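Peer 1:
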Amino acid sequence: MKSTTYSDRRQALRSAVPDGVILFVGYVDAPRTYPASPYPFRQSSHFLYYVGTNRPGFAAALLPDGQEILYGPAEDPDDLVWRGPQPKITDRANDAGVARAAEMSTLAADIADWRQQGTDILYLPPCRAEQAVTMAQLLDIPLADVAPGASGELARAIVEQRSIKSAEEIEQLEAAAAASALMYDVAMQTIEPGITELEIAGVIRGVALARGCEQAFPPIVSVHGEVLHNETYDNTLAAGDLLLIDSGAESRGGYASDFTRTFPVSGKFTDKQKEIYQVVLAAQLAVISVASPKVSNRDLHKVAATTIAQGLTNLGIMKGDPDEAVKVGAHALFFPHGIGHMIGLDTHDMEDLGDVVGYPEGEQRSKQFGLSFLRLAKKLKPGFVITVEPGIYFVPELIDRWKKEGKHSEFIDYEKVEEYRDFRGIRIEDDVLITEEGCRVLGPPVPKTVEEIEQKMAPEEPPKPTVH
Ligand SMILES: [Mn+2]
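FYI, in the working numbering the residues of the sequence shown are 2 to 469.
#1: For the candidate residues 117, 125, 76, whose alpha-carbon lies nearest to that of residue 45?
#2: CB residue 123 to CB residue 152, shorter than 8 Å?
#3: Based on the DSSP output, what are the partners of residue 386 in its beta bridges?
#4: Mapping DSSP to helix, strand and coil, what is residue 1?
#5: Any heavy atom of ligand 1 inside 7 Å of the beta-carbon of residue 341?
#6: Under 8 Å, do residue 64 and residue 94 count as touching if we go by C-beta distance?
#7: May I ask which residues mark the beginning and end of the beta strand (DSSP E) holding residue 264?
#8: When every heavy atom of ligand 1 is checked, does at least one fall within less than 7 Å of the C-beta of residue 34?
#9: Shorter than 7 Å, the distance from the beta carbon of residue 91 to the closest heavy atom of ligand 1, or not?
#10: With respect to 7 Å, is the separation between the Cβ of residue 259 and the closest non-hydrogen atom of ligand 1 below this value?
#11: Which residues mark the beginning and the end of the beta strand (DSSP E) in which residue 61 is found?
#12: Going by DSSP, what residues sit across from residue 251 in a beta bridge?
#13: Give me, in chain order, the residues of the same chain whose beta-carbon lies closer than 7 Å to that of residue 129; leave out the 5 immediate sequence neighbours on both sides.
#14: Taking 7 Å as the limit between beta carbons, can you name the residues of its chain near residue 18, skipping five residues before and five after?
#15: Just tell me which of 224, 79, 341 has its CA closest to the CA of residue 240.
#16: Are there three or more Cβ pairs, one per stretch, closer than 8 Å when the stretch 419 to 436 is compared with the stretch 213 to 229?
#17: DSSP three-state call for residue 34: helix, strand or coil?
#18: For the stretch 361 to 409, which segments carrying the beta strand (DSSP E) assignment without a break, of at least 3 residues, lie completely within its bounds, in sequence order?
#19: By the DSSP assignment, the alpha helix (DSSP H) with residue 228 in it spans what residues?
#20: Over what stretch of residues does the beta strand (DSSP E) that includes residue 25 continue unbroken?
#21: Given residue 344, which residues of its chain have a CB within under 8 Å of its CB, disregarding the five upstream and five downstream residues?
See the structure below:
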């Protein structure tokens, strides 16, 4: 992005938080098994947002008088041999629209000076251990005091700002979604009985890498969709299975996408699978049809939960009044997670800052099972980008526990549920931009209806013989 994008963002933050030195400490390389073999570098999202420098070992200070300094690692003469000529800190500062550049080794002394002048140092809670250690050294405080000393005022201002995505950011989110759409396209062509989950996971990873994209998170590729964050790929796909893929590419600028689709391995849903699939789809479409700045994400969660409870009641799995069932949380046996979360530079955007992202000040998460996993409850605003990801799952161990306790038995037909105990799970997820009037699903459409999926997965017809 242009250097003015970063300086404008910092200026906006500076006006929201006028006092104190705002300190951003970027990430360092994380060694895999020895220092010269690091994991692929991923910069801190806050650092990417306000400074952009996508290299390890940088920090930035925003002074109350408007001065800005980018700190970076000292030049290493050996770099010429091992890595080729590298941009200087001043070049990096220039790209970020920062006027002054300095070596990282001078930051601790600068911090000591600012404090001596009575200026507070405002920083975010560190996410990585190395970052916490660096901050303890820079601030000259015990490691245990670093997180509690983080600034709530700064975190709240950053959440306000980063929650509203600019046109430039939406372009990045669209690019990430487009790469994801391609991943699903290739996955659908690859899925067939006898293929392993691992092979599908490898194929979609290849699609992302070949486009210069990382994956935004380790994808879920599982015939056990009922295990919500299943990250193993041990199973071989069999006809009759449903394969759940929850996957997303990250754009080159670091923006995430997060899609889920559930495919019939044989290319066709069974009637029983279709019935449950249609309920999940109805819930997802119902949410998308009402998502707008007029409602909160808690409202959207309720729309999904009620649609699911209604659908399961129609199938005889639940009973009684769906609204009442949702009120007491009976639907959560089948839909135990939240409807979605913010997405941006992070897949769960800014989740490193905690519930300040998803909940208004003074409002706590519900203690009710299911609703307690709702990551975003706030009123929606134009520019928010959220995921909409309802699902229906049959978790045998959870069913047994609830059944034994007779939990919500006025709303759940446990005899009928037994017919579904090996059904496993279905989830459908898209990334959605909230607009002034309503919302818009990001990225090229990924097949979602039963018909679209079955059509896409149908074997290509052999070419008809030409008659001369
Ligand atoms: Mn998600």
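Yeah, the Cβ is synthetic: ideal placement off N, Cα and C, and Gly gets one too.
For clarity, every value in this text was computed on a predicted model and none was experimentally measured.
Peer 2: Considering the structure as presented:
#1: 125
#2: yes
#3: 434
#4: Outside the displayed span of the chain (2 to 469) sits residue 1, for which this structure offers no information.
#5: yes
#6: no
#7: 260 to 265
#8: It does not: the Cβ of residue 34 is nowhere closer than 7 Å to a heavy atom of ligand 1.
#9: no
#10: yes
#11: 60 to 63
#12: 215, 257
#13: 28
#14: Hits under 7 Å: 123, 154, 155, 158.
#15: 224
#16: Touching, yes, given that three or more Cβ pairs across the two stretches are closer than 8 Å.
#17: coil
#18: 386 to 389, 392 to 394
#19: Unbroken run through residue 228: none, as it is neither H nor E.
#20: 22 to 26
#21: Close CB contacts of residue 344 within its chain, under the 8 Å cut and outside five residues either way in sequence, are with 174, 257, 258, 259, 350, 386, 387, 388, 432 (chain order).
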